[in-house]
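S.K.: Residue numbers (the numbering used here): 217 to 510. Before we start, here is the structure in question, set down as structure tokens.
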Ligand code: PDD
């Protein structure tokens, strides 16, 4: 049985219990992170913890733990669950209190983390997407646990036989229901700029960084719904799906209906980065184990 972490304790997931008055359960009053683990190592942990701190600040929940404590807890959890590839889910809610929008008195946040096995295919599978009206609230930069609109949007996509819903607000692409969006036109890659309309995806940022470092044209700029419909390539990014090509949009092929050349290039850069990071961490651990020269 997988192990989880709840308020200071590591225990079997099936034994974890929270009170029904937890504000996460009653109001969806909390934030979360999903952190991928490759080869037993938490990938881009510092960036995920930074975003967690920003989400907590935005919803006015005091940071329950410092970065080193988070790292220790998450590493223990990954080890307890056997290392390898995992997807770690971390949630912080405002805590347990009588049901009232405003807290009568301060409470301690509820901290919960669990992990699921992650089996990234050797190569991300192409998917279909549909465009949908972005029905979410106006603070989409916060990774909040209240995901009912996202659930409805994913159901809408599934009804149309597609995987992802690509969201349109005021005629422009914001992001996917659980991913960021990239488009390619005539060899130029674009992704919408960060702001309250979308989550600052950790994978999104890495792809932008890697493409720009490789001197490939990649701009953070608005993408109209019309521009998306005429894109040569569309990609989705997320920590668990990595870099995924969209080969059909609203039932029509994207470009030639197969993953495009720039997607291949971005994926190669991403895989090479993952490999380098893993190697550097392994070498770091080995040198930590070596006795210090006397
Ligand atoms: N979601 N936008 C939304 C709305 C998301 O929910 C996600 C990821 C992303 C991609 O962010 P990142 O690259 O940091 O994973 C963008 C996670 C995986 C989830 O909710 O399960």
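All C-beta atoms, glycine included, are put in the ideal place defined by N, C-alpha and C.
For the segment 278-311, list the alpha helix (DSSP H) runs that are entirely contained and at least 4 residues long, ordered along the chain.
M.R.: 283-296
S.K.: Could you check whether the segment 424-441 touches the segment 480-500, counting it as contact only if at least three pairs of C-beta atoms, one from each stretch, sit closer than 8 Å?
M.R.: yes
S.K.: On the premise that residue 221 lies in contact with residue 329, defined as a C-beta separation below 8 Å, what is that separation, rounded to the nearest angstrom?
M.R.: As a position in the chain shown, residue 329 is number 113, starting the count at 1. As a position in the chain shown, residue 221 is number 5, starting the count at 1. About 4 Å separates the two Cβ atoms, so the contact holds.
S.K.: Buried or exposed for residue 476, going by 16 or more other Cβ atoms inside 10 Å?
M.R.: Locating residue 476 in the chain shown gives position 260, where the first residue counts as 1. Looking at its Cβ environment, which holds 16 or more other Cβ atoms inside 10 Å, residue 476 is buried.
S.K.: Check residue 424 in the structure and name its three-state DSSP category.
M.R.: For the purposes of this step, residue 424 is taken as the residue at position 208 of the chain shown. Helix at residue 424.
S.K.: From the DSSP output, in three-state form, read off residue 403 for me.
M.R.: Reading the chain shown from its first residue, position 187 is the one you call residue 403. DSSP places residue 403 in coil when its eight states are reduced to three.
S.K.: For residue 498, which three-state DSSP category applies?
M.R.: Here the question's residue 498 lines up with position 282 in the chain shown. Helix at residue 498.
S.K.: Quick check on DSSP: helix, strand or coil for residue 475?
M.R.: Residue numbering aside, residue 475 sits at position 259 when the chain shown is read from its first letter. Here residue 475 sits in coil by DSSP.
S.K.: Would residue 450 pass as a contact of residue 397 if the rule is Cβ separation under 9 Å?
M.R.: Along the chain shown, one-based indexing puts residue 450 at 234. Along the chain shown, one-based indexing puts residue 397 at 181. Against a cut-off of 9 Å, the Cβ pair of residue 397 and residue 450 comes out as a contact.
S.K.: Return helix, strand or coil for residue 230, following the three-state DSSP convention.
M.R.: Here residue 230 refers to the residue found at position 14 when the chain shown is read from its first residue. Residue state, collapsed to three classes: helix.
S.K.: Assign residue 446 to buried or exposed, taking buried as 16 or more other Cβ atoms, counted over all protein chains shown, within 10 Å of its Cβ.
M.R.: Residue numbering aside, residue 446 sits at position 230 when the chain shown is read from its first letter. By the neighbour-count rule (16 or more Cβ atoms within 10 Å), residue 446 is not buried but exposed.
S.K.: When the Cα atoms are used, what is the spatial distance from residue 400 to residue 387?
M.R.: For the purposes of this step, residue 400 is taken as residue 184 along the chain shown, with counting starting at 1. For the purposes of this step, residue 387 is taken as residue 171 along the chain shown, with counting starting at 1. Taking the straight line from one Cα to the other gives about 18 Å.
S.K.: Check each candidate in 465, 340 and 283 and name the one with the smallest Cα separation from residue 378.
M.R.: As a first step, residue 378 must be located in the chain shown, where it is residue number 162. The shortest C-alpha separation from residue 378 is found at 465.
S.K.: Once you ignore the five residues that flank residue 510 on each side, which residues in its own chain have a CB closer than 7 Å to its CB?
M.R.: Taking the chain shown and counting its residues from 1, one reaches residue 510 at position 294. Note that residue 510 scores 42 on pLDDT, short of 50, meaning its location in the model is unreliable and no value can be drawn from it.
S.K.: Is the CB-CB distance between residue 270 and residue 358 below 9 Å?
M.R.: Here residue 270 refers to the residue found at position 54 when the chain shown is read from its first residue. Here residue 358 refers to the residue found at position 142 when the chain shown is read from its first residue. Yes, these two residues count as a Cβ contact at 9 Å.
S.K.: With hydrogens ignored, establish whether the beta-carbon of residue 355 is closer than 8 Å to any heavy atom of the ligand PDD.
M.R.: Residue numbering aside, residue 355 sits at position 139 when the chain shown is read from its first letter. Not so, every heavy atom of the ligand PDD lies at least 8 Å from the Cβ.
S.K.: With burial defined as no fewer than 16 other Cβ atoms inside 10 Å of the residue's Cβ, what is the status of residue 237: buried or exposed?
M.R.: Within the chain shown, residue 237 is the residue found at index 21, counting from 1. Residue 237 is exposed by the Cβ-count criterion.
S.K.: Looking at the unbroken alpha helix (DSSP H) that takes in residue 388, where does it start and where does it end?
M.R.: Position 172 of the chain shown, counting from 1, holds the residue named residue 388. Taken as a continuous stretch (DSSP letters only), residue 388 belongs to no alpha helix (DSSP H), being part of the beta strand (DSSP E) at 388-392.
S.K.: Would you call residue 223 buried or exposed, if buried means 16 or more other Cβ atoms sit within 10 Å of its Cβ?
M.R.: Counting from one through the chain shown, the residue named residue 223 turns up at place 7. The residue in question, residue 223, is exposed, as its Cβ has fewer than 16 Cβ neighbours within 10 Å.
S.K.: Can you tell me the Cα-Cα spacing of residue 422 and residue 343, whole angstroms?
M.R.: Here residue 422 corresponds to residue number 206 of the chain shown, with the count starting at 1. Here residue 343 corresponds to residue number 127 of the chain shown, with the count starting at 1. Approximately 21 Å, taken between the alpha carbons.
S.K.: Following a CB-centred definition, is residue 267 positioned closer than 8 Å to any heavy atom of the ligand PDD?
M.R.: For the purposes of this step, residue 267 is taken as the residue at position 51 of the chain shown. Yes, Cβ of residue 267 sits closer than 8 Å to a heavy atom of the ligand PDD.
S.K.: Among the candidates 334, 257 and 228, whose CA atom is the shortest distance from the CA of residue 458?
M.R.: Here residue 458 refers to the residue found at position 242 when the chain shown is read from its first residue. Measuring from the Cα of residue 458, the nearest candidate turns out to be 334.
S.K.: Exposed or buried, what is residue 302 when buried is set at 16 or more other beta-carbons lying within 10 Å of its beta-carbon?
M.R.: For the purposes of this step, residue 302 is identified with residue 86 of the chain shown, where counting begins at 1. Result: buried.
S.K.: If we count the other Cβ atoms within 10 Å of its Cβ and call it buried at 16 or more, is residue 460 buried or exposed?
M.R.: Walking along the chain shown from the start, residue 460 turns up at place 244. Looking at its Cβ environment, which holds 16 or more other Cβ atoms inside 10 Å, residue 460 is buried.
S.K.: Determine, using beta-carbon pairs with one atom in the segment 250-258 and one in the segment 317-326, whether at least three such pairs fall under 8 Å.
M.R.: Two segments are said to touch when three or more pairs of C-beta atoms, one from each, lie closer than 8 Å; by this definition the segment 250-258 does not touch the segment 317-326.
S.K.: Would you kindly report the start and end of the unbroken alpha helix (DSSP H) that includes residue 367?
M.R.: Within the chain shown, residue 367 is the residue found at index 151, counting from 1. Here the alpha helix (DSSP H) through residue 367 covers 364-375.
S.K.: Suppose the cutoff is 6 Å on Cβ atoms and the five residues either side in sequence are ignored; what does the same chain contact list for residue 274 look like?
M.R.: Numbered from 1 along the chain shown, position 58 holds the residue referred to as residue 274. Excluding positions up to five away in sequence, the list reads 358.
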